[in-house]
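Okay, so here's the structure we're looking at.
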Amino acid sequence: MASAPSGFTAVDKPEYSDYSRCVHCGLCLNHCPTYRLWQNEADSPRGRIRQMQLVDEGRLELGEAFVAHIDRCLDCRACETACPSGVEYGKLVEAARAQIEQQFRRPLVSRLARDFVYRQLLPYPRRIAAAARILRAYQRSGLAALARGTGMLKLLGMAGRERLMPQIDSNFFLSELGKTFPAKGERRARVALFAGCIAQVTFSRLNRATIRVLQANGCEVVVPAQQACCGALPAHAGVRDVARELARKNLAAISPNDFDAIVTNAAGCGSTLKEYGHLMHADAAHDQAARFAGKIRDVNEFLADLGLVAPMRAVPLRVTYQDSCHLAHGQKIREAPRRLIRSVPGVELVEMQLADQCCGSAGVYNVTETKASMDLLALKMVCVRDTRAQAIVTANPGCILQLRAGVAIHRTGQEVLHVVELLDRAL
Ligand code: SF4
Ligand code: SF4
Numbered sequence: 002m003a004s005a006p007s008g009f010t011a012v013d014k015p016e017y018s019d020y021s022r023c024v025h026c027g028l029c030l031n032h033c034p035t036y037r038l039w040q041n042e043a044d045s046p047r048g049r050i051r052q053m054q055l056v057d058e059g060r061l062e063l064g065e066a067f068v069a070h071i072d073r074c075l076d077c078r079a080c081e082t083a084c085p086s087g088v089e090y091g092k093l094v095e096a097a098r099a100q101i102e103q104q105f106r107r108p109l110v111s112r113l114a115r116d117f118v119y120r121q122l123l124p125y126p127r128r129i130a131a132a133a134r135i136l137r138a139y140q141r142s143g144l145a146a147l148a149r150g151t152g153m154l155k156l157l158g159m160a161g162r163e164r165l166m167p168q169i170d171s172n173f174f175l176s177e178l179g180k181t182f183p184a185k186g187e188r189r190a191r192v193a194l195f196a197g198c199i200a201q202v203t204f205s206r207l208n209r210a211t212i213r214v215l216q217a218n219g220c221e222v223v224v225p226a227q228q229a230c231c232g233a234l235p236a237h238a239g240v241r242d243v244a245r246e247l248a249r250k251n252l253a254a255i256s257p258n259d260f261d262a263i264v265t266n267a268a269g270c271g272s273t274l275k276e277y278g279h280l281m282h283a284d285a286a287h288d289q290a291a292r293f294a295g296k297i298r299d300v301n302e303f304l305a306d307l308g309l310v311a312p313m314r315a316v317p318l319r320v321t322y323q324d325s326c327h328l329a330h331g332q333k334i335r336e337a338p339r340r341l342i343r344s345v346p347g348v349e350l351v352e353m354q355l356a357d358q359c360c361g362s363a364g365v366y367n368v369t370e371t372k373a374s375m376d377l378l379a380l381k382m383v384c385v386r387d388t389r390a391q392a393i394v395t396a397n398p399g400c401i402l403q404l405r406a407g408v409a410i411h412r413t414g415q416e417v418l419h420v421v422e423l424l425d426r427a428l
């Protein structure tokens, strides 16, 4: 048998012990956003699992058709929540993508784009900052307005994607790396803040709000200097050698024994960080990775468990909550964010229909599968509109960007906030 490429392990493919748990009952089908869109079995969880099995048995070619159906999956894991057999679909689809990464040659443009994003950009904070400065100059120089106004973006087929582009911050969060922020009042916990990679140039205000809310509730917050990207985007794309390398950097940068918790405000990052034990299962650092993963807490989960003690003033606002897939389905956390939202005086929480169905963000899905992503977003905005909420509250930076684009495209008028930004407003 050929050995796995460097950084991959021999088991980076869907395994019999995992896919054989599927009993083909079909109970997951109507929970799957891509099946609901296209009504095609091959784009359903059951259909994808079957294709993984056939590829593993050598009865289906690992070719374009298989890759297309696996690429079109959001990795939202709604099927995992629905499955009565305990199929860990997220594990399966990420293994299938790792298998594709090793064995399938994508078209040149796709290879170049993937190589740039996953191998040349995300692992290097300085390169992210440099790219962000260029983008910021484009956004602020008037060039962006010119490109939009002259219809050039439409001509290039980039108009939709441009709306999804994050606004680059004036003051990057990178400047806070290595700092410690003291607890207000009596110290109740000492936590490390996991600051994200792209979030450090696009969600600096969210990270700072997270620190303020934690401090106000009695937490000393350390921002470890040497932390790296969590590896979620490469892991979801099957680029596991890079994800593992990033995990090793984070294991070296943050010692779990020094903290009560390692806190993240990004559901997508939290989900991957909590699964470091699985990612590193065949690595010498497995035990260390499992201990590290055991200390990871989403900020909603952490604050709801700790209990809010900071005095809050009223924020009169009618809000609706969008479950982030990697919080609700990946981490099984649904009640904690709702509890925090309800704890803000003056806030009225109105549930939307299908709150836990993916908004179409799904990492880079809105860039790679833009049409499907926009169709899902349109469905989401109908549900949002029905609530007559003034704000949409959610728990993941990627969802915030997607929902802001939804508000702009569908002119629904809501503000889009992270749960901790709502808490911060009440402080
Ligand atoms: S992860 Fe989401 S899109 Fe993919 S098969 Fe499951 S429910 Fe469908
Ligand atoms: S619900 Fe679970 S067991 Fe049933 S078809 Fe879907 S993945 Fe398979």
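Going by this note's numbering, the letters in the sequence shown line up with residues 2 to 428, in that order. Glycine included, C-beta positions come from ideal geometry on N, C-alpha and C. The model shown is predicted, which means the values in this text are computed figures rather than measured ones.
Using a cutoff of 8 angstroms, the CB of GLY27 counts as near ligand 2, since one of the ligand's heavy atoms is closer than that. ALA210 is positioned such that its CB atom lies closer than 9 angstroms to that of ASP425.
Annotation for ALA392: the continuous beta strand (DSSP E) segment containing it runs 392 to 395.
Excluding the 5 residues flanking it on each side, GLY269 has same chain C-beta neighbours closer than 7 angstroms at ALA233, HIS327, GLY364, ASN397 and GLY399, in chain order.
The shortest CA-to-CA distance from THR181 to any of VAL368, GLN391, LEU194 and GLN40 is the one to LEU194. Residue environment analysis places LYS296 among the buried positions, since at least 16 neighbouring C-beta atoms fall within 10 angstroms of its C-beta.
Between CYS23 and GLN52, the alpha-carbon positions lie close to 12 angstroms from each other. Per the Cβ contact rule, the stretch 195 to 204 is not in contact with the stretch 78 to 97 (fewer than 3 Cβ pairs under 8 angstroms). Only exposed fits ASN258, as fewer than 16 other CB atoms lie within 10 angstroms of its CB.
Residue burial is scored here from C-beta neighbours: LYS381 has at least 16 other C-beta atoms within 10 angstroms and is therefore classed as buried. For the set ALA244, VAL385 and SER18, the Cα lying nearest the Cα of CYS360 is the one of VAL385.
Looking from the CA of LEU355, the closest CA among THR388, GLU370, GLU302 and GLU349 belongs to THR388.
Relative to the non-hydrogen atoms of ligand 1, the Cβ of VAL94 comes within a distance shorter than 8 angstroms of at least one. For LEU55, same chain residues with a beta-carbon under 8 angstroms away, outside a window of 5 residues either side, are LEU61 in chain order. Residue range 318 to 322 is occupied by the beta strand (DSSP E) that includes TYR322. Closer than 8 angstroms to some heavy atom of ligand 1: that describes the Cβ of HIS32. In the DSSP assignment, ALA210 falls within the unbroken alpha helix (DSSP H) covering 205 to 217.
By the CB criterion at 9 angstroms, ALA79 and GLN289 fall outside the cutoff.
Of all alpha-carbon atoms in ARG127, ALA305 and PRO317, the one lying nearest the alpha-carbon of ARG340 is that of ALA305. With respect to LYS185, GLN228 sits apart: the two C-beta atoms are not nearer than 9 angstroms. In terms of side-chain proximity, the C-beta atom of THR35 is found nearer than 8 angstroms to a non-hydrogen atom of ligand 1. According to the DSSP secondary-structure assignment, GLU336 is paired through a beta bridge with no residue. According to the DSSP assignment, THR265 belongs to the beta strand (DSSP E) that extends over 262 to 265.
In this structure, ligand 2 has a non-hydrogen atom nearer than 8 angstroms to the beta-carbon of ALA83. VAL345 places its beta carbon less than 9 angstroms from that of LEU423. In the three-state reduction of the DSSP assignment, CYS400 falls in the helix class, which pools H, G and I. Per DSSP, ILE297 is one residue of the beta strand (DSSP E) stretching across 297 to 299. With a cutoff of 9 angstroms on beta-carbon distance, ALA253 and VAL224 are scored as not near each other. Taking the Cα of GLU65 as reference, the smallest distance to any Cα among LEU123, ILE101 and ASN208 is reached at ILE101. In the DSSP assignment, ALA133 falls within the unbroken alpha helix (DSSP H) covering 126 to 141. Taken through DSSP and simplified to helix, strand or coil, GLU370 comes out as coil. The nearest non-hydrogen atom of ligand 1 is less than 8 angstroms from the C-beta of PRO46.
Under the DSSP assignment, VAL222 falls in the beta strand (DSSP E) whose first and last residues are 220 to 223. In the assembly as shown, VAL110 is an exposed residue. Its beta-carbon has fewer than 16 other beta-carbons within 10 Å. Under the three-state reduction of DSSP output, VAL192 falls in the strand class. Taking all protein chains shown into account, ARG141 has fewer than 16 neighbouring C-beta atoms within 10 Å of its C-beta and is therefore exposed.
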